[in-house]
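Asker:
Protein chains: 2
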Amino acid sequence: MTSQPASTRERIVAAASKLFYAEGIGRVSMDAVAEKAGITKRTLYYHFRSKDDLIAAYLNGRDQPNLLLFQRWFDATDGGTAEKTRGMFASLAQSARHPKWKGCGFLRTAAELASMPGHPAMKIGAGHKKKFEQWMRTVFEAAGIEGGALLSRQILLLLDGSFAAALLHRDPTYMEAAGEAAYALIMSASSPLPQILGK
Amino acid sequence: MTSQPASTRERIVAAASKLFYAEGIGRVSMDAVAEKAGITKRTLYYHFRSKDDLIAAYLNGRDQPNLLLFQRWFDATDGGTAEKTRGMFASLAQSARHPKWKGCGFLRTAAELASMPGHPAMKIGAGHKKKFEQWMRTVFEAAGIEGGALLSRQILLLLDGSFAAALLHRDPTYMEAAGEAAYALIMSASSPLPQILGK
DNA sequence: GTCTATAAGCCGATAGAC
DNA sequence: GTCTATCGGCTTATAGAC
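If you're matching them up, the sequences are chains A and B in order. All residue numbers for the first sequence refer to our numbering, where the first residue is 33 and numbers rise by one. All residue numbers for the second sequence refer to our numbering, where the first residue is 33 and numbers rise by one.
1) Looking at C-alpha atoms only, which residue of LYS50/B, GLY159/B and ARG118/B is the closest neighbour of ASP95/B?
2) Under 9 Å Cβ-Cβ, which residues of chain A neighbour HIS130/B?
3) On the criterion of 16 or more Cβ atoms from any shown chain inside 10 Å, does TYR53/A qualify as buried, or is it exposed?
4) Using Cβ-Cβ distances below 8 Å, what residues of the stretch 168-196 of chain B are close to chain A?
5) How is ARG81/B classed by DSSP in three states: helix, strand or coil?
6) CB-CB under 6 Å to LEU199/A, same chain, minus the five flanking residues each way: which ones, in chain order?
7) So for PRO152/A, helix, strand or coil by DSSP?
8) Please list the residues of the stretch 79-99 of chain A that have a C-beta atom closer than 9 Å to any C-beta atom in chain B, keeping them in chain order.
9) From SER184/B, ALA175/B and GLU178/B, pick the residue whose C-alpha is nearest to that of GLN166/B; which is it?
10) Could you give the DSSP three-state label for GLY176/B: helix, strand or coil?
11) Should ILE177/B and SER220/B be called a contact, given that it needs their Cβ atoms to be closer than 8 Å?
12) Which of helix, strand or coil does DSSP assign to LEU191/B?
13) With H, G and I counted as helix, E and B as strand and the rest as coil, what does DSSP make of VAL60/B?
14) Answer yes or no: does any C-beta atom of chain B fall closer than 8 Å to that of ALA122/A?
15) For ALA143/A and ALA143/B, which I take to be in contact (beta-carbon distance under 8 Å), what is that distance rounded to the nearest angstrom?
16) So which of LEU217/B, ALA216/B, GLY211/B and ILE218/B has the shortest CA-CA distance to TRP105/B?
17) Thinking LEU190/A and LEU189/B are a contact (beta carbons under 8 Å), I'd like their distance in whole angstroms, please.
18) Is LEU101/B near PHE164/B, with beta carbons less than 8 Å apart?
19) Are GLY193/A and GLY193/B close, meaning C-beta to C-beta below 8 Å?
20) Only counting runs of 4 or more residues, tell me where the alpha helix (DSSP H) segments fall wholly within the stretch 94-163 of chain B, in order along the chain.
21) List, in order along the chain, the chain B residues whose C-beta lies closer than 7 Å to that of SER220/A?
22) So that I know if they touch, is there some Cβ in chain B lying closer than 8 Å to that of GLY211/A?
23) So, GLU55/B versus SER147/A, is the Cβ gap smaller than 8 Å?
24) In chain B, which residues lie with their C-beta within 8 Å of the C-beta of PRO149/A?
25) Rounded to whole angstroms, what's the CA-CA distance from ILE187/B to HIS130/B? Just pull it up for me.
26) At the 8 Å Cβ level, is TYR31/B part of the contact set with chain A, yes or no?
27) Looking at the structure shown, is ALA46/A part of a helix, part of a strand, or coil, going by DSSP?
28) Can you list, in chain order, the residues of its chain whose CB lies under 8 Å from that of GLY111/B, leaving out five sequence neighbours each side?
29) Should ARG140/A be labelled buried (16 or more other beta-carbon atoms within 10 Å of its own) or exposed?
30) Note down the Cα distance separating VAL171/B from ILE218/B, rounded to an integer number of angstroms.
31) Quick one: what's got a C-beta closer than 7 Å to LYS21/B's C-beta in the same chain, skipping five residues either side?
32) From PHE121/A to ALA214/A, what does the alpha carbon distance come to, in whole angstroms?
33) Output yes or no for whether 8 Å exceeds the beta carbon distance between ALA88/B and ALA153/B.
Listed below in structure tokens is the structure:
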């Protein structure tokens with residue numbers, strides 16, 4: 033909130049955030065974080081009790097900015113809800129073309145901490161994705177689209193799937209395919225199929 | 033191919049597979065693998081040049097069995113292509129309810145190795161997912177469904193998304209939601225929408 | 001709040017005997 | 001092919017001065 037030149041704590045989180053995202057939390061040492069932040073390790077441990085606390089702070093710092101980014105991408109696209117959602121995926125694909133892109137920090141951290149379900153970072157990651165799903169649901173309900181609860185969950189699945197596939201194959205077109213699937217699902221929900229198309 | 037009591041190499045891969053999947057590759061030491069396999073570390077390094085080689089062997093050993101599992105789940109479900117695909121996701125959700133379930137080993141390994149795109153394990157993981165996508169495509173084309181290339185890619189996205197979401201939230205119902213989305217997408221592709229439903 | 005210095009142990013990988 | 005023993009380096013975290 034305050035606009036200080038940047039507190040020591042903020043500089044630590046900024047340094048950790050860059051390193052954790054670029055290399056993965058398990059491959060970054062506390063020494064590396066301290067060096068990147070321009071402080072000693074003793075100072076680092078003064079501000080954060082443990083590496084696990086720092087990991088939690090890293091994800092906490094990315095929660096709101098990431099959500100705002102998705103919302104800006106959605107709002108910036110012309111058309112109805114289906115078009116706007118597809119546009120959001122198109123912007124995501126564009127962002128994934130940046131050389132430093134390395135997937136979703138929340139999902140990658142969850143993958144690394146899969147054997148520690150109670151880890152604070154897992155809860156933050158789960159909360160972040162829940163917020164995305166909830167936001168999408170309010171969007172669908174505001175647009176008068178039925179089945180917003182199921183639909184928003186399906187959009188989230190396409191989003192996370194596109195993060196995983198784009199990272200594994202280093203191919204952002206998976207995100208565009210996810211956008212097309214999202215578009216088709218929203219269109220189907222917007223105009224329920226007549227019975228002639230039933231099974 | 034041979035049905036020996038189990039060669040040393042096979043026992044090593046079996047031990048590594050259990051440990052890597054349960055704890056994540058970065059959290060498992062070569063000491064732990066050797067101990068689990070009942071050999072010394074020197075013997076382990078006689079059979080595998082490095083840990084990276086062992087990681088590749090781990091994923092290679094899971095490639096075919098995993099694909100066969102998906103195909104068996106698909107075949108075991110009654111109905112048409114859409115129902116069979118949804119049934120496959122339902123079986124996946126059931127498997128995810130096992131206490132030892134920890135997501136997709138290929139995706140979790142890719143997340144850990146995100147900063148090493150050229151790692152052999154990344155190529156094996158990408159190949160595995162490509163095979164799944166290709167298999168789905170042949171299924172759709174054999175059933176006479178149009179757009180099999182795009183559709184199979186969208187099913188893969190739902191699959192990977194459900195792995196990620198189910199792991200993060202520890203909630204297998206995300207896989208059932210993915211199955212419903214897959215069902216809807218396949219039904220739409222099977223019976224193209226008449227123009228009254230166009231935008 | 002930040003520093004220098006170090007504890008105590010684990011890491012991947014190797015030497016050399018048999 | 002398997003063993004005992006160990007290297008050199010890196011890991012998280014802490015002690016005590018200022």
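The beta-carbon is built from N, C-alpha and C at its ideal position, and this holds for glycine as well.
Answerer: The relevant details are as follows:
1) Here residue 95/B refers to the residue found at position 63 of the second sequence. The shortest Cα separation from ASP95/B among LYS50/B, GLY159/B and ARG118/B belongs to GLY159/B.
2) Within the second sequence, residue 130/B is the residue found at index 98, counting from 1. Within 9 Å of the CB of HIS130/B, no CB atom of chain A is found; the nearest one sits about 14 Å away.
3) As a first step, residue 53/A is located in the first sequence; it is residue number 21 there, counting from the start. Counting Cβ neighbours within 10 Å, TYR53/A comes out buried, since at least 16 surround it.
4) Residues LEU182, ARG185, GLN186, LEU188, LEU189, LEU190, LEU191, ASP192, GLY193, SER194, PHE195 and ALA196.
5) Numbered from its first residue, the second sequence carries residue 81/B at position 49. Reduced to three states, the DSSP call for ARG81/B is coil.
6) For the purposes of this step, residue 199/A is identified with residue 167 of the first sequence, where counting begins at 1. Same-chain partners within the cutoff: GLY135.
7) Locating residue 152/A in the first sequence gives position 120, counting from the first residue. DSSP places PRO152/A in helix when its eight states are reduced to three.
8) Residues of the stretch 79-99 of chain A that bring their beta carbon within less than 9 Å of a beta carbon in chain B are absent altogether.
9) Translated into positions along the second sequence, residue 166/B becomes position 134. Considering only alpha carbons, the answer is SER184/B.
10) Mapped onto the second sequence, residue 176/B falls at position 144. In the structure shown, GLY176/B sits in coil (DSSP, three-state: anything other than H, G, I, E or B).
11) In the second sequence, residue 177/B corresponds to position 145, counting from 1. In the second sequence, residue 220/B corresponds to position 188, counting from 1. Cβ atoms of ILE177/B and SER220/B: not closer than 8 Å.
12) Along the second sequence, one-based indexing puts residue 191/B at 159. Of the three classes helix, strand and coil, the one that applies to LEU191/B here is helix, per DSSP.
13) Your numbering for residue 60/B matches position 28 in the second sequence. In this structure, DSSP gives VAL60/B a state outside helix and strand, which the three-state scheme calls coil.
14) Translated into positions along the first sequence, residue 122/A becomes position 90. Not one chain B Cβ lies under 8 Å of ALA122/A.
15) Taking the first residue of the first sequence as 1, we reach residue 143/A at position 111. Taking the first residue of the second sequence as 1, we reach residue 143/B at position 111. Contact check for ALA143/A and ALA143/B: beta-carbon distance about 4 Å, within the 8 Å limit, so the pair qualifies.
16) Taking the second sequence and counting its residues from 1, the one referred to as residue 105/B is at position 73. Distance check between TRP105/B and each of LEU217/B, ALA216/B, GLY211/B and ILE218/B places GLY211/B closest, using alpha-carbon atoms only.
17) Taking the first residue of the first sequence as 1, we reach residue 190/A at position 158. Taking the first residue of the second sequence as 1, we reach residue 189/B at position 157. Right, the Cβ-Cβ distance comes to about 6 Å (below 8 Å), so this counts as a contact.
18) Here residue 101/B is taken as the residue at index 69 of the second sequence, counted from 1. Here residue 164/B is taken as the residue at index 132 of the second sequence, counted from 1. The answer is no: Cβ separation not under 8 Å.
19) Counting from one through the first sequence, the residue named residue 193/A turns up at place 161. Counting from one through the second sequence, the residue named residue 193/B turns up at place 161. Contact check for GLY193/A against GLY193/B passes: the beta carbons are separated by less than 8 Å.
20) Annotation note: the stretch 94-163 of chain B contains the following uninterrupted alpha helix (DSSP H) runs of length 4 or greater, listed N- to C-terminal: 113-127 and 137-144.
21) Start at 1 with the first residue of the first sequence, and residue 220/A comes out as number 188. Near SER220/A (Cβ distances below 7 Å), the residues of chain B are ALA216 and SER220.
22) Start at 1 with the first residue of the first sequence, and residue 211/A comes out as number 179. No, no contact with chain B.
23) Residue numbering aside, residue 55/B sits at position 23 when the second sequence is read from its first letter. Residue numbering aside, residue 147/A sits at position 115 when the first sequence is read from its first letter. Yes.
24) Mapped onto the first sequence, residue 149/A falls at position 117. Per Cβ cutoff of 8 Å: ARG202.
25) Stepping through the second sequence from its first residue, residue 187/B is reached at position 155. Stepping through the second sequence from its first residue, residue 130/B is reached at position 98. About 23 Å.
26) Outside the shown range of chain B, which is 33 to 231, sits residue 31/B, and nothing can be said about it.
27) Residue 46/A sits at position 14 when you count from the first residue of the first sequence. If DSSP states are grouped into helix, strand and coil, ALA46/A belongs with the helices.
28) As a working note, residue 111/B is residue 79 in the second sequence. Closer than 8 Å at the Cβ level, and outside the excluded window around GLY111/B, lie GLY119.
29) Residue numbering aside, residue 140/A sits at position 108 when the first sequence is read from its first letter. Burial call: buried.
30) Counted from its first residue, the second sequence places residue 171/B at position 139. Counted from its first residue, the second sequence places residue 218/B at position 186. Rounded to whole angstroms, VAL171/B and ILE218/B show a C-alpha spacing of 11 Å.
31) Any property of residue 21/B remains undetermined from this structure, which presents chain B solely from 33 to 231.
32) As a working note, residue 121/A is residue 89 in the first sequence. As a working note, residue 214/A is residue 182 in the first sequence. About 9 Å.
33) Taking the second sequence and counting its residues from 1, one reaches residue 88/B at position 56. Taking the second sequence and counting its residues from 1, one reaches residue 153/B at position 121. Taking 8 Å as the Cβ cut-off, ALA88/B and ALA153/B qualify as a contacting pair.
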